[in-house]
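Read the structure below first, then the notes.
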Amino acid sequence: KCDWSSDVCSSDLGVLAGWLAERECMRGYARMMREVVTRHGVPRSTCSDRDSVFRAARDGSPTQFALMMRDLGIRMIFASSPQAKGRVERHDSTAQLRLPTDLVRFGISDYDELNVWFNEFYAPYLNSKFSYAPLDPTSDFMPLPTGLDLSGVFRTRDTRLARGCSISYGGVIYMMADADGVVLEVPDDTKLDVHVDAITEEMYVERSGKRWSCFEVAKREGQGTFFGIQDRRELQRHLSKMQQSGGYREG
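Using this note's numbering, you'd call the opening residue of the sequence shown number 9 and step up by one each time.
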């Protein structure tokens, strides 16, 4: 079982890109949109339903995905019903009915190859069967700005207050270190910008133009906290060992 995220051009019903994952989530849509902008350019607008990935259900405020679209200058349009984007819905229905059989027919068996196969082969294959030439052939996609770092676009944006040179995120305690293994030390209550790369899922802190990778040191369990690394010195020793063994990945 997998969840399908796809982007269809409304002018010719061509599949621009797609991403399949175990469940519908922000990262799946972010990965799909990265495929779109790198292959076709930046669309001027997108039309979606009102799922909480796109629009906060409580107050309509921008979600993490909406902030990514804002950084690219993409206008988000929210359909109030499936009928409001009926051609796209019908196309998705046809494609999803075909996909399970075609996965078997083409011998695709795991996620590692599924998304590469879909974007490299299957999207053009569907387009050759179901898309048609638009009345106006002029592209409405904008080129990616020169030098734009997409890793700075397709990432979450949060803030956390430091406590004992660590931060709490998702029930886990993290400490931060730079590419040389030097631990970030800041006063308590320092506000830190925390990001998670939507493509690689790497978590890091940005401070004064520098990136600090996050390392798990403890987990919250019930009313207490279980510590895997007891203090900064132990974390420093842990980082030094990783560097020596080649297991430390530069942030």
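C-beta atoms are modelled at their ideal positions from N, C-alpha and C, and glycine is treated no differently.
* Asked: Roughly how many whole angstroms lie between the Cα atoms of Ile82 and Ser176?
  -> By 1-based counting over the sequence shown, the position of residue 82 is 74. By 1-based counting over the sequence shown, the position of residue 176 is 168. Straight-line measurement puts the Cα of Ser176 at about 32 Å from the Cα of Ile82.
* To do: Please report the residue range of the beta strand (DSSP E) in which Tyr177 lies.
  => Here residue 177 is taken as the residue at index 169 of the sequence shown, counted from 1. From DSSP, the beta strand (DSSP E) with Tyr177 extends over Ser174 to Tyr177.
* Asked: Where do the N-terminal and C-terminal ends of the alpha helix (DSSP H) with Leu75 fall, by residue?
  -> Mapped onto the sequence shown, residue 75 falls at position 67. Leu75 -> alpha helix (DSSP H) spans Gln72 to Leu80.
* To do: Measure the C-alpha to C-alpha separation of Leu143 and Arg58 and round it to an integer number of angstroms.
  => What you label residue 143 is simply residue 135 of the sequence shown in a count that begins at 1. What you label residue 58 is simply residue 50 of the sequence shown in a count that begins at 1. Cα to Cα, the separation comes out at about 29 Å.
* Starting from Arg35, trace the beta strand (DSSP E) both ways and give me its first and last residue. => As a position in the sequence shown, residue 35 is number 27, starting the count at 1. First-last for Arg35: Met34 to His48, but that is the alpha helix (DSSP H), not the beta strand (DSSP E).
* Between Val44, Val191 and Asn127, which lies nearest to Val225 when the distance is taken from Cα to Cα? -> Taking the first residue of the sequence shown as 1, we reach residue 225 at position 217. Of Val44, Val191 and Asn127, the residue nearest in Cα terms is Val191.
* To do: May I ask you to verify whether the region 153–171 touches the region 124–144, counting CB pairs closer than 8 Å and requiring at least 3?
  => In short, these stretches do not touch, since the Cβ pair count stays below three.
* Are the Cβ atoms of Ala206 and Arg35 separated by less than 8 Å? -> Taking the sequence shown and counting its residues from 1, one reaches residue 206 at position 198. Taking the sequence shown and counting its residues from 1, one reaches residue 35 at position 27. With contacts defined as CB atoms closer than 8 Å, Ala206 and Arg35 qualify as a contacting pair.
* Asked: Under the rule that 16 or more other beta-carbon atoms within 10 Å means buried, what is Glu146, buried or exposed?
  -> Counted from its first residue, the sequence shown places residue 146 at position 138. For clarity, residue 146 is Thr in the given sequence; the question names Glu instead. Thr146 comes out exposed.
* To which residues of the same chain is Val50 closer than 7 Å at the C-beta, ignoring the five residues directly before and after it? -> Taking the sequence shown and counting its residues from 1, one reaches residue 50 at position 42. Result list for Val50: Leu80, Gly81, Ile82, Phe149, Met150 and Leu152, in chain order.
* Asp120: first and last residue of the uninterrupted alpha helix (DSSP H) it sits in -> The residue you call residue 120 lines up with position 112 of the sequence shown. That run of the alpha helix (DSSP H) goes Tyr119 to Trp125.
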